[in-house]
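Everything on this sheet refers to the single structure shown next.
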Amino acid sequence: MSLSKRLALVVGAALLVAAGPAFAQSRTLHLGLVGIMTGPNAQNGEFCRNGAQLAIDEINAAGGVRLPDGGSATLELVVVDDQAKPDIGLNAIRKLASDERVLAFLGPDFSGITLPSLFVGAEAGLPQITSSIGAKVTQSGYTHVFRGRSNDVTWMKALVDYAVGDRKAKSVGVSFTNIELGRSGRDVAVAYLKEKYGIEPVVDVSHGFGDRDLTASAARIVQAKPDLLINWGTQIEAALLLKELRNLGWKGTFAFNAADDIFVGLAKETAAGVIGPQNWVWTKDDAGTTRFVREYERRHGKKPSPHSIVYYDGVRLLAQAIEKGGASRKAIMAYLHGLDRWQGVQGTYVPSAKGGDISTATVIIRYTDELVPQVVASYP
Amino acid sequence: MLAQLIASGLATGCLYGLIGLGFVMIWNTAAVVNFAQGEFAMLGMFLALTFHMFWEVPLWVALPLAVAGAAAAGWATERLFVRPILGADPLSVIMVTIGLQILFSNGAKFLWGTQPYPFPSYSGGDPVRVAGLVLQPQLVVIVAATVALAFLLHVLSQRTTFGKCLRAVSQDREAASLVGIDVNRTIARGFALSTGLAGVAGVLMAPVVFVAADVGLPLLIKSFIAAVIGGFGSHPGALVGGVLIGLLDNLVGFYVSTDYRDAISFLALVAILLVRPQGLFPRHR
Chain A
105 MSLSKRLALV
115 VGAALLVAAG
125 PAFAQSRTLH
135 LGLVGIMTGP
145 NAQNGEFCRN
155 GAQLAIDEIN
165 AAGGVRLPDG
175 GSATLELVVV
185 DDQAKPDIGL
195 NAIRKLASDE
205 RVLAFLGPDF
215 SGITLPSLFV
225 GAEAGLPQIT
235 SSIGAKVTQS
245 GYTHVFRGRS
255 NDVTWMKALV
265 DYAVGDRKAK
275 SVGVSFTNIE
285 LGRSGRDVAV
295 AYLKEKYGIE
305 PVVDVSHGFG
315 DRDLTASAAR
325 IVQAKPDLLI
335 NWGTQIEAAL
345 LLKELRNLGW
355 KGTFAFNAAD
365 DIFVGLAKET
375 AAGVIGPQNW
385 VWTKDDAGTT
395 RFVREYERRH
405 GKKPSPHSIV
415 YYDGVRLLAQ
425 AIEKGGASRK
435 AIMAYLHGLD
445 RWQGVQGTYV
455 PSAKGGDIST
465 ATVIIRYTDE
475 LVPQVVASYP
Chain B
5 MLAQLIASGL
15 ATGCLYGLIG
25 LGFVMIWNTA
35 AVVNFAQGEF
45 AMLGMFLALT
55 FHMFWEVPLW
65 VALPLAVAGA
75 AAAGWATERL
85 FVRPILGADP
95 LSVIMVTIGL
105 QILFSNGAKF
115 LWGTQPYPFP
125 SYSGGDPVRV
135 AGLVLQPQLV
145 VIVAATVALA
155 FLLHVLSQRT
165 TFGKCLRAVS
175 QDREAASLVG
185 IDVNRTIARG
195 FALSTGLAGV
205 AGVLMAPVVF
215 VAADVGLPLL
225 IKSFIAAVIG
235 GFGSHPGALV
245 GGVLIGLLDN
255 LVGFYVSTDY
265 RDAISFLALV
275 AILLVRPQGL
285 FPRHR
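Taken in order, these protein sequences are the chains called A and B.
Heads up: the first sequence begins at 105 in the numbering used here, then just goes up one per residue.
Heads up: the second sequence begins at 5 in the numbering used here, then just goes up one per residue.
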């Protein structure tokens, strides 16, 4: 080999070595997100995407994820729209599953979309972190799905522990919207009250979904005079019931499973003093929440929703799985199944939890007179 | 508590009655059972919301505009969807109006979203307490407006040319045509009047029940029962039927069970039809 050829080889090899990190640095890994991006519930998808994108931008700004092979990569979010429709959602998830670049995905939020599409992620071996709270999501035997949000059974128990255990409510009433969500919530409440505190509800009353005159239900509750009313169901009916109860002079504590902005917007001043469970709320008093809320608000000009944090933490958890496990679907899945504890902003996650319920983080909020949700109890 | 339940049931029943009255008017003039009737109440609510809350039109302008909008939508519906099928197989006509109900409900979700909106009370916010009875001012307004509307409709029906045309068309379309009445125009105006009534019900209930795209169907079911109990075709029957349903809902919900009050309402419908298949007021048209 001539000198000039040897020189060319050496220079070429040197260039390759020098360019190696640059090649690795420019590598991009993709995480999917399926959510409601268009239609009447698009705000929901916006909160989810904003949370995920914030985490991705922060990770990339800090140099990306460091891979087990010594290289690093930036993350990119691939967003697909489920339009809050099961058939569209199924196709959206199929699209993610067939895209080999996508290593894992977040979402959907609606249980009605998550449940019938679980098989797609399972067949593709694609890790999925969902915010759907339907109990069946983690009871279907699939091992690729992780629920990053506490479910309504956890919420009910936390609520009862706070209101009856801590606040010493003596007489408890139960009311519910007569749909699956309300009935199952009612059953959990009645069973848990009896089992843990030996309390039978002084009134147990339902109202129909779509009922607009709740005088009969309110009158029965007022007659029973409970200190605490646990109402499980939907926002419109809850706001109407609360207004009617206050009109009739009831002064007890109203506890509601969906005491969110929609509910407060309808109930207005009657929402003051209402308590309720959430997975997380922007007023939670810890450093991680404060920093997250500040950054979210700076970017979007509004407070994040309890969904946003699930997607923010979800991206960060997946980023760690890539760093420690490897940049493949199989490696991420294996890492998550072996991880016993991970600290996110929402709380402590247990990714190895059997069934996939990886978060039980719950806060009990109480609305102040200014209708700000104040955390009165927190469960990790 | 009984008086409380009656007062509230009366007001809710008036709303069912108003929508039921619209059912009956369309049936009488066009022989069409309009299963989209509840959606015109929903439309009235959303138009009032849009004019007043979104476009900041003063309330007392926004409310009549909303009612006029519901009436105009009814007129357009008659021209576009109902007139082409007048005289067709009754089952086809029913299918079209069911389709319209779904179309309007989903259209509202598309335009205004699925999120419910509060509507400000325009009759004073704080309830009035009279002899232990807690009365929301809006409920008093609903009852008073229903009584006033019933009176005005009676005058319109008996004393005006339009009312006489409506009655003539409802009795015999061919004969009405032979004496020079423009049957199609009368039907279109009758349709507009009936959907305008639903619009009135919508703006009356907006401050009490919130504005939402899914409010139409439950209203439709209760109002339909009201119209049938009253004797489908009877104006006072629809109003009385509505009040009966409203009262029954509250009394059954309190004294029997809230779980089964809808089932019991339907049972009452079946029982009344078994005893009086012609309804309560079959001759009053």
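Just so it is clear, CB atoms sit at the ideal spot from N, CA and C, and this is done for glycine as well.
Taking Cβ positions only, does residue i come closer than 8 angstroms to chain A?
i                      : result
residue 16 of chain B  : yes
residue 175 of chain B : no
residue 49 of chain B  : no
residue 214 of chain B : yes
residue 246 of chain B : no
residue 5 of chain B   : yes
residue 262 of chain B : yes
residue 279 of chain B : no
residue 107 of chain B : no
residue 258 of chain B : yes
residue 9 of chain B   : yes
residue 188 of chain B : no
residue 12 of chain B  : yes
residue 122 of chain B : yes
residue 138 of chain B : yes
Taking residue i and residue j to be in contact with their CB atoms under 8 angstroms, please state how far apart those CB atoms are, rounded to whole angstroms.
i                      : j                      : result
residue 468 of chain A : residue 266 of chain A : 5 angstroms
residue 138 of chain A : residue 184 of chain A : 5 angstroms
residue 332 of chain A : residue 273 of chain A : 4 angstroms
residue 1 of chain B   : residue 221 of chain B : Since the first residue of chain B shown is 5 and the last is 289, residue 1 of chain B is not available in this structure.
residue 25 of chain B  : residue 242 of chain B : 4 angstroms
residue 244 of chain A : residue 211 of chain A : Going by Cβ atoms, the distance from residue 244 of chain A to residue 211 of chain A rounds to 17 angstroms, so no, they are not a contact pair.
residue 132 of chain B : residue 141 of chain B : 6 angstroms
Verify whether the separation of the beta carbon atoms of residue i and residue j is less than 8 angstroms.
i                      : j                      : result
residue 412 of chain A : residue 151 of chain A : yes
residue 12 of chain B  : residue 317 of chain A : yes
residue 118 of chain B : residue 45 of chain B  : no
residue 390 of chain A : residue 252 of chain A : no
residue 237 of chain B : residue 65 of chain B  : no
residue 183 of chain B : residue 49 of chain B  : no
residue 277 of chain B : residue 105 of chain B : no
residue 22 of chain B  : residue 204 of chain B : yes
residue 207 of chain A : residue 182 of chain A : no
residue 99 of chain A  : residue 341 of chain A : Residue 99 of chain A lies beyond the stretch modelled for chain A, which goes from 105 to 484, so this question has no answer here.
residue 252 of chain B : residue 272 of chain B : yes
residue 159 of chain A : residue 378 of chain A : no
residue 137 of chain B : residue 319 of chain A : no
Hey, does residue i have any beta-carbon neighbour from chain B nearer than 8 angstroms?
i                      : result
residue 319 of chain A : yes
residue 370 of chain A : yes
residue 123 of chain A : Only weak support exists for where residue 123 of chain A lies, its pLDDT of 46 falling under 50; the value from the coordinates is given anyway. Chain B, which has no Cβ nearer than 8 angstroms to the Cβ of residue 123 of chain A, makes this no.
residue 194 of chain A : no
residue 344 of chain A : yes
residue 139 of chain A : no
residue 383 of chain A : no
residue 411 of chain A : no
residue 352 of chain A : yes
residue 120 of chain A : Low local confidence applies: a pLDDT of 47 at residue 120 of chain A is under 50, so the model's placement there is unreliable, with the coordinate-based value given in what follows. For residue 120 of chain A, the answer is no, since every Cβ of chain B falls outside 8 angstroms of its Cβ.
residue 402 of chain A : no
residue 289 of chain A : no
residue 356 of chain A : no
residue 187 of chain A : no
residue 314 of chain A : yes
What does residue i pair with, by DSSP beta-bridge criteria?
i                      : result
residue 335 of chain A : A:279 and A:360
residue 311 of chain A : A:281
residue 461 of chain A : A:251
residue 176 of chain A : A:170
residue 134 of chain A : A:180 and A:206
residue 467 of chain A : A:382 and A:482
residue 354 of chain A : DSSP lists no partner for residue 354 of chain A.
residue 547 of chain A : Because chain A in this structure spans residues 105 to 484, residue 547 of chain A falls outside the shown range and cannot be described.
residue 139 of chain A : A:185
Just to confirm, does residue i get its C-beta within under 7 angstroms of one of the non-hydrogen atoms of the ligand PLP?
i                     : result
residue 22 of chain B : With respect to small molecules bound, the structure shown includes none, and the ligand PLP cannot be examined in it.
With a cut-off of 8 angstroms, do at least 3 Cβ pairs link the region 391-398 of chain A to the region 356-364 of chain A?
-> no
Per the contact definition of three or more C-beta pairs closer than 8 angstroms, is the region 320-333 of chain A in contact with the region 292-304 of chain A?
-> no
When the Cβ atoms of the region 222-242 of chain B are set against those of the region 57-76 of chain B, are three or more pairs found closer than 8 angstroms?
-> no
Does the region 226-236 of chain A come close enough to the region 165-177 of chain A that 3 or more CB-CB pairs lie under 8 angstroms?
-> no
Count the C-beta pairs between the region 119-133 of chain B and the region 468-483 of chain A that are closer than 8 angstroms, then say yes if the count reaches three, no if not.
-> no
Any 3 or more C-beta pairs closer than 8 angstroms across the region 22-37 of chain B and the region 87-106 of chain B = yes
How do the region 175-182 of chain A and the region 432-452 of chain A stand: do at least 3 beta-carbon pairs fall below 8 angstroms, yes or no?
-> no
For the region 241-264 of chain A, which residues have a CB atom closer than 8 angstroms to at least one CB atom of chain C, in sequence order?
-> No chain C appears in the structure shown, which is made up of the protein chains A and B.
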